[in-house]
Amino acid sequence: MDYSIYPRNDVLCIDMRSFYASIEAVKLGLDPMTTMLAVVGDPNRSGSIVLASSPALKKKYGISNVSRFFELPDDPEIHVVPAHMADYLRVSLEITRLMNNYAPKEAIHPYSVDEIWVTVNGLEKLFGNRWEIATKIKRDILNSFGITAAIGIGDNKFLAKVVMDLHGKKQGIAECKYEDVEEKLWPFPVEAIWGIGSRMKQNLNRMGIITLGQLANYSLEHLKKRFGIMGEQLYWHAWGIDLSPVFGNFTKSEQKGFGHGIALLRDYSKEEVPICILDLCEEVCRRTRTADKVGKTIHLGISYSKVTGGGGFSRSRSIAIPTNVTMDVYHVCMQLFNEFYDGKSMIRHVYVTLDNLFEKGDIQLDLFEDRAKKTDIGYVMDSIRDRFGTTAILRASSYTDAGVTLDRSKKIGGHYA
Numbered sequence: 052m053d054y055s056i057y058p059r060n061d062v063l064c065i066d067m068r069s070f071y072a073s074i075e076a077v078k079l080g081l082d083p084m085t086t087m088l089a090v091v092g093d094p095n096r097s098g099s100i101v102l103a104s105s106p107a108l109k110k111k112y113g114i115s116n117v118s119r120f121f122e123l124p125d126d127p128e129i130h131v132v133p134a135h136m137a138d139y140l141r142v143s144l145e146i147t148r149l150m151n152n153y154a155p156k157e158a159i160h161p162y163s164v165d166e167i168w169v170t171v172n173g174l175e176k177l178f179g180n181r182w183e184i185a186t187k188i189k190r191d192i193l194n195s196f197g198i199t200a201a202i203g204i205g206d207n208k209f210l211a212k213v214v215m216d217l218h219g220k221k222q223g224i225a226e227c228k229y230e231d232v233e234e235k236l237w238p239f240p241v242e243a244i245w246g247i248g249s250r251m252k253q254n255l256n257r258m259g260i261i262t263l264g265q266l267a268n269y270s271l272e273h274l275k276k277r278f279g280i281m282g283e284q285l286y287w288h289a290w291g292i293d294l295s296p297v298f299g300n301f302t303k304s305e306q307k308g309f310g311h312g313i314a315l316l317r318d319y320s321k322e323e324v325p326i327c328i329l330d331l332c333e334e335v336c337r338r339t340r341t342a343d344k345v346g347k348t349i350h351l352g353i354s355y356s357k358v359t360g361g362g363g364f365s366r367s368r369s370i371a372i373p374t375n376v377t378m379d380v381y382h383v384c385m386q387l388f389n390e391f392y393d394g395k396s397m398i399r400h401v402y403v404t405l406d407n408l409f410e411k412g413d414i415q416l417d418l419f420e421d422r423a424k425k426t427d428i429g430y431v432m433d434s435i436r437d438r439f440g441t442t443a444i445l446r447a448s449s450y451t452d453a454g455v456t457l458d459r460s461k462k463i464g465g466h467y468a
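So the mapping is simple: the numbering used here equals the position in the sequence shown, first residue as 1, plus 51.
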């Protein structure tokens, strides 16, 4: 492979090790790397998920981020703490601000709450080469927040991310240039790299592709024929080539739709679920109104409880006049529910989406209803909530046992703030 024709940048991929668990350990005055600690979504529920476990807990008991609370061993040395999402977001923002000491904002690309790319091209005179910059950033994060970071250094975003995952989490800092791909990436199985899930792994394995080296040396034409553009991307990634931009505004994108869903804490009956749907429609339309948009296509997703056999349905319907009125969306959702619900299954997950968006313009008049009044009511309710809080004004149904708004108002990302 002739790498001379591809761009080379100085990209760092920074991952905060066991981020949630590390923050909770620091709050307790404990060492995040040696303390056994588990962050649980809701310790009052035995089936609640373990959101994060400290490195020591992972090493000793194999507890991962897909484990459940009841799976934790009965060990008095294990600290169990509830999630505090507001704290994690605050620290994440502070770490991003710390990166501004090293690079301009257009060179910083937050990937998730605990992972960030930073491009450090041309900073040698200020901070040294890219390895020296990575060392300083790692030290600053530890000194400022008590959190240990793993850092990957690469010629592009993909190489920085992959070398961090494969080598950086063990070594602390690891580097992979184009010329290192054969040595540092090819021996690993295909599923070890970012972007290849279990289904793709199975497809590749059936083709005799087990390692990244085998993927890199497979026929590009056959991969494109089998997987389309995804096959081409896999091939170039196996060679360490990635043309993703390393500078720019990485947070601004056009909104395609507004959706809101919830995994219910218990099974809901046919009679209860309309209240949940109404609460979700209210939130979807509030976000749509805030963006000064209206939508024509309404989607309802329902998943049944495993107790009644699982399954569910996902259906959408378009309306003639775009809307952001809660009751308009709710009535369509109930039409879909009554049409496609099997009539007997208990319900565990509900999702509502409004898409096919348009800019909010003049309201089309209707001889049979006051559309302007309906629209204004929504905006008035939004202004009250903006001023006095999200629960300042609610529909009466939200206060029933089936309502979800009150409980969700205490959470961030589905977990308590």
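Just so it is clear, CB atoms sit at the ideal spot from N, CA and C, and this is done for glycine as well.
Cβ contact annotation for Ala267 (same chain, cutoff 6 Å, sequence separation greater than five): Ala289 and Trp290, in chain order.
Counting C-beta atoms within 10 angstroms of its own C-beta, Ala154 has 16 or more neighbours from the protein chains shown and is therefore classed as buried. Of all C-beta pairs linking the region 232-245 to the region 93-112, fewer than three are shorter than 8 Å, placing the two stretches out of contact.
Take the alpha-carbon of His311 and the one of Lys110: they are about 36 Å apart. Judged by DSSP in its simplified three-state form, Val383 adopts helix. Taking a 10 Å sphere around the C-beta of Ala314, we find fewer than 16 other C-beta atoms and assign the residue as exposed. With contacts defined by Cβ atoms closer than 8 Å, Thr377 and Gly440 do not form a contacting pair. The beta carbons of Ala443 and Arg436 sit closer together than 8 Å. Within the region 320-369, complete beta strand (DSSP E) segments of at least 3 residues are found at 344-355, given in chain order. Under the DSSP assignment, Val455 falls outside any beta strand (DSSP E); it carries neither an H nor an E label. As computed with DSSP, Pro58 is found in no beta bridge at all.
If you draw a straight line from the Cα of Asn180 to the Cα of Ile204, it is about 11 Å long.
For Ala342, the closest alpha carbon among the candidates Pro238, Leu316 and Phe309 is that of Phe309. The Cβ-Cβ distance between Ile292 and Ile353 does not fall below 8 Å.
Between Ile370 and Lys395 a beta carbon distance of about 29 Å is seen, past the 8 Å cut, so the two are scored as non-contacting.
Secondary structure at His311: strand, using DSSP grouped into helix, strand and coil. Approximately 6 Å separates the beta-carbon atoms of Asp206 and Asn60; this is inside 8 Å, confirming the contact. DSSP places Leu102 in the strand class (E or B) of the three-state scheme.
The Cβ atoms of His218 and Ala225 lie closer than 8 Å to each other.
Excluding sequence positions up to five before and after Ser367, its CB lies within less than 7 Å of the CB of Thr348, Ile349 and His350, all in the same chain and listed in chain order.
As the crow flies, the alpha-carbon of Gly92 is around 6 Å from that of Pro133. For Thr262, the secondary structure class from DSSP, reduced to helix, strand or coil, is strand. Linking Gly80 to Ile184 through their CA atoms gives a straight-line distance of about 28 Å. Leu63 counts as buried, since no fewer than 16 other beta carbons sit within 10 angstroms of its beta carbon. The three-state reading of DSSP puts Glu233 in helix, counting H, G and I together. DSSP places Val431 in the helix class (H, G or I) of the three-state scheme. Across the structure, Pro58 and Lys275 are spaced so that their CA atoms are roughly 23 Å apart. Around the CB of Ile202, 16 or more other CB atoms lie within 10 Å, so the residue is classed as buried.
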